[in-house]
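The opening position of the sequence shown corresponds to residue 281 in our numbering, with each subsequent residue numbered one higher.
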Amino acid sequence: MVKATTKSFEIEIDKGNVYRSLGYGNGRGPSPSMSSLIDEEIEEAYGFIRPSCSYQLMDIKRIRRPRVTLENGITISITSEVLSWVLYPCKQAVIFVSSIGHGLEERVSQLMKEGEILKPTILDAIGSEAAEKTACHFQEMVRELATSNGAEITLRYSPGYCDWDITQQRVLFDVIDSAPMEVSLNKECLMMPRKSLSGIIGLGWGEKRRLRLSPCQFCTKQDCKNRR
Ligand code: SF4
């Protein structure tokens with residue numbers, strides 16, 4: 281694994297996660313008619329979802345909190361106290377962009393233009409679940425490759441989370457060839473299509489317990505909704 285784009289994989293939509301995204305939970309499920317509509321939309325969504333990932337393996341050259349310097353042909357720096365801590369025991373890191381493509385979002389826009397509300401809302405929730413599943417699939421691929429080389433991986437981190445500024449998406453896009461995936465950044469550093477994720481996963485060969493630790497255990501942001 282050095283630099284590549286991968287497109288030949290399938291993902292499975294978890295209906296329970298779609299329910300939660302639509303506001304169901306805590307013992308309140310959808311009505312039978314709503315449940316069958318969600319089933320129908322999940323089937324329809326599979327026809328529009330095209331999962332893909334682009335990635336680049338980088339060596340970690342230096343960590344001087346809060347800055348992490350990575351290199352592989354080119355040198356980049358990311359700035360985050362949390363990532364400095366997470367990547368400290370790592371020798372390498374994978375930078376990635378994953379996406380489900382434009383198809384589902386185009387279908388949502390088309391339905392909204394036709395005056396529909398419910399179906400595009402359901403399809404949008406399915407798209408969010410599909411984007412998460414695509415990134416999870418990639419993370420598992422990295423884990424398998426790391427394990428076969430005697431390494432352990434960290435959790436996955438994305439710009440805009442913890443103290444990693446969203447504008448650092450630009451740094452990731454400097455090293456990722458996102459053209460085959462047709463993913464781009466807008467002026468606000470948001471990815472288009474929206475159902476895309478970018479991020480970093482560290483790889484280390486020692487201190488395996490430490491690599492698996494979540495920085496949330498030590499973080500003072502008690503009200504953070506992204507705790508894991
Ligand atoms: S609590 Fe929130 S901000 Fe703090 S490390 Fe965890 S996810 Fe990041």
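Even for Gly, the Cβ is constructed at its ideal location relative to N, Cα and C.
Using a 10 angstroms sphere on the CB of Cys504, the tally of other CB atoms stays under 16, which defines it as exposed. Here Val374 really is in contact with Ile481; their C-beta atoms are around 5 Å apart, less than 8 Å. Spanning the alpha carbons of Gly309 and Ile406 requires a straight line of approximately 16 Å.
Your pair Ala431 and Ala325 does not check out as a contact, with CB atoms roughly 35 Å apart and the cut at 8 Å. Distances from the CB of Val374 to the heavy atoms of the ligand SF4 are all 8 Å or more. With a cut-off of 8 Å, the C-beta of Arg508 is classified as near the ligand SF4, since at least one heavy atom of the ligand falls inside that distance. With a cut-off of 8 Å, the C-beta of Tyr335 is classified as distant from the ligand SF4, since no heavy atom of the ligand falls inside that distance.
Taking a cut-off of 8 Å on C-beta distances, the stretch 467 to 487 touches the stretch 369 to 383, as three or more cross pairs fall below it. The distance from the Cβ of Ile402 to that of Ile343 is about 44 Å, inconsistent with a contact at the 8 Å cut-off. Within the DSSP secondary-structure output, Arg344 pairs in a beta bridge with Arg347. Using a cutoff of 8 Å, the CB of Tyr326 does not count as near the ligand SF4, since none of the ligand's heavy atoms is closer than that. Residue state for Gly353 is assigned as coil, using DSSP reduced to three classes. The C-alpha of Arg508 lies about 25 Å from the C-alpha of Leu337. At least one heavy atom of the ligand SF4 is found less than 8 Å from the C-beta of Pro495. Buried is the label assigned to Ser334, since at least 16 other Cβ atoms lie within 10 Å of its Cβ. Residue range 432 to 437 is occupied by the beta strand (DSSP E) that includes Arg436.
Distance from the CA of Val451 to the CA of Gly484, rounded to the nearest whole angstrom, comes to 22 Å.
Per the Cβ contact rule, the stretch 377 to 396 is not in contact with the stretch 298 to 314 (fewer than 3 Cβ pairs under 8 Å). Shown here, Ser408 sits in a helix according to DSSP, grouped into three states.
Distance from the C-beta of Val348 to the nearest heavy atom of the ligand SF4 is not below 8 Å.
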